[in-house]
Amino acid sequence: LVLYDDVPGGAGHVRRINEALPDVFQAAYHHVKSCECGPETACHQCLWNFYNQPLHDKLARGLAVEFLQKALEG
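Per the working numbering, the sequence shown runs over residues -6 to 67.
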């Protein structure tokens, strides 16, 4: 997992996220786990956004749930 701040000089978001990474992962897990789209796909409610449009057909909510669950388990 690579976190980077693309604001020139940095805005400090990566540092704040790193300090709260378990909470960020927990919130992300609950977000993707509670979505109603199929686990083999994704939607604008869980994973899709403007910036990852070229990858929409490759994103799978179930894989995100699995990754976050394993990360939270240690």
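Every residue, glycine too, gets a C-beta built ideally from N, C-alpha and C.
Span separating the alpha-carbon of residue i from that of residue j
i     : j     : result
E29   : V0    : 34 Å
E153  : P47   : The displayed coordinates of the chain run from -6 to 67. Any statement about residue 153 would go beyond what the structure contains.
F18   : L56   : 14 Å
V(-5) : H23   : 21 Å
A53   : Y(-3) : 23 Å
Sequence-distant residues of the same chain with beta carbon closer than 7 Å to residue i, five excluded per side
i   : result
A64 : F18
Q62 : Y22
K26 : V58
Residue i burial status per 10 Å Cβ neighbour count (16 or more: buried)
i   : result
A35 : buried
Per the contact definition of three or more C-beta pairs closer than 8 Å, is the region 1 to 8 in contact with the region 24 to 41? Short answer: they don't touch.
With three or more C-beta pairs closer than 8 Å as the rule, is the region 42 to 56 touching the region 10 to 21? Contact between the region 10 to 21 and the region 42 to 56 is absent, because fewer than three Cβ pairs lie under 8 Å.
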